[in-house]
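**Student:** Residue numbers (full-length UniProt numbering): 1 to 396. Ideal placement from N, C-alpha and C gives every residue a C-beta, glycine not left out.
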Ligand SMILES: [Zn+2]
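Here is the structure:
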C-alpha cells in the first residue's frame, strides 16, 4: 500500500481593510507584533480605541432602535452610556483586547483596585468615556434615524499581487470590512433639522450625484474612526478615501444593495480634543493643511493658545463639522484604490515569506511610524525605530 502525500491545505489569506491594511500602513512592525506575535496580547492604544468606539456606536444604535426608553438624547453617562461601555469592554476582553488603564476605567463600583484611576471611587469618566459620551450625544440623534442596516459585513476576493507558484501562500487574497448603511428611504423621511441631511444638502458632489440618478434610490455607507481628522493629503487622508471606495465596491457586489453615492467617515476624536490633538490642530491651521478651517472666535482661540495653558474653547459647530467627512464615490478612481491595497497586501505577504524563510522580525517588517504612533505603542522599548518622545503611553 502506498500512502499518498497530502497536499498543503489550500488557504486564502483574508485581510481586514481597517484591522490589517490600515494598521499595517500605520506601522508595519507594530502590526506584526500585535497580530502575529507570540507575546501576550498587547494592543496599540489607537487600535483598542478604534475598536472600542466602533463597538460603542453600534451598541448605542441597537439600544436606540430596540428600546423606547432610549429614544431621547442626550444620554446620561453614568446610568446609560456606562453600561454600553462595559458590555463592549467585556466583548473585547473575550477577544484578547485589554483596555489601556490610562484611557478607560474598567471597574464597576468602589473596589480595592486602583489601576491608573485617580481614586477608588469608580467608575471614572476617563478619555475613552469622554469620547464615547460626546460621540453618542453629538451624532446619535442625527445618525441613528438614517441607518437602514447596521454592521453589514463586506467580503471580496482579489488576485494575489506578485503571485509566484510554490512561493506565494495563495493565488488569491480575501478582503473584508464592516459598515453601517444609510438608505434614501430613511433619508427622505428624516427631519429638516437633521444635521447630516443639512451637510448633505450643502455638499455639491452629493447634489450632483443625486441629480444624475436614474431611480431615486441610493445608499450611503458609514464608518467610525477613533482619531482626529487627518491633515489634508496626508497618507491617512488618502488611505481613508481608498477605504471608502473599496467598501463601496464590496457593497455594490451584494445583491440587495442600491448605488452607493457617498461614504461618510466620522472622526470622533474631533468632538473632544485633548492637548496633543490641539497641538496638531493648531499646526494644521497655521500651515493651512486642513480642509475644515476654524474662523472668528475659534480661529483666534486656537491660534492664540499656548500649549502650557489650559485648552482653548472651541465651538460645538466647529467640532461637529470637523468630525464628519463626506467622500464622493467616484468609480473612476476605484481601480487606483484597489491597486493601492494590492500593494499593501504584496508588502505584508513579502514580509511573512521573509520571516518564514528565517529572517528575524525587525529586518522582515518595515516600521513606518510617526511620533504619536510610537508614543502610544507597547513595543517601543525594544523597537529599533522608536521615535517616541515620552516614557508613558499617551491618549491616541
Ligand atoms: Zn476608576
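Kindly confirm or deny that the region 44-62 and the region 94-103 touch, where touching means at least three C-beta pairs closer than 8 Å.
**Tutor:** yes
**Student:** Taking only three categories from DSSP, how would you classify residue 154?
**Tutor:** strand
**Student:** Report the rounded CA-to-CA distance for residue 128 versus residue 82, giving the unit in angstroms.
**Tutor:** 11 Å
**Student:** Leaving out the 5 sequence neighbours to the left and right, which residues in its chain are closer than 8 Å to residue 318 when beta-carbon positions are compared?
**Tutor:** 292, 294 and 298
**Student:** Does the region 261-272 come into contact with the region 323-340, if we say contact requires no fewer than three beta-carbon pairs (one atom in each stretch) closer than 8 Å?
**Tutor:** yes
**Student:** Does the Cβ of residue 382 have 16 or more other Cβ atoms within 10 Å, making it buried, or fewer, making it exposed?
**Tutor:** Counting the other CB atoms within 10 Å of its CB gives residue 382 a total below 16, which places it among the exposed residues.
**Student:** Given this structure, state the Cα-to-Cα distance separating residue 366 from residue 213, to the nearest angstrom.
**Tutor:** Computed Cα separation, rounded: 45 Å.
**Student:** By alpha-carbon positions, which one of 47, 12, 77 and 204 ends up nearest to residue 372?
**Tutor:** 47
**Student:** Tell me which same chain residues have a C-beta within less than 7 Å of the C-beta of residue 224, skipping the five on either side of it?
**Tutor:** If we look at residue 224 and ignore the five residues flanking it on each side, its Cβ neighbours are 53, 54, 57, 266 and 268.
**Student:** Is the beta carbon of residue 196 closer than 9 Å to that of residue 146?
**Tutor:** yes
**Student:** Alpha carbon to alpha carbon, what distance is there between residue 133 and residue 185?
**Tutor:** 28 Å
**Student:** What three-state label does DSSP hand residue 147 in the structure shown?
**Tutor:** Here residue 147 sits in strand by DSSP.
**Student:** Decide if residue 296 is buried, meaning its Cβ has at least 16 other Cβ atoms within 10 Å, or exposed.
**Tutor:** exposed
**Student:** Any chance you could list the residues with Cβ under 6 Å from a heavy atom of ligand 1, keeping chain order?
**Tutor:** 105, 107, 117, 122, 123 and 124
**Student:** Is it buried or exposed for residue 191, if we count other Cβ within 10 angstroms and need 16 for buried?
**Tutor:** exposed
**Student:** Taking 8 Å as the cut-off, does the region 150-168 touch the region 198-213 (at least 3 CB pairs, one atom from each stretch)?
**Tutor:** no
**Student:** Residue 361 and residue 114: beta carbons closer than 9 Å?
**Tutor:** no
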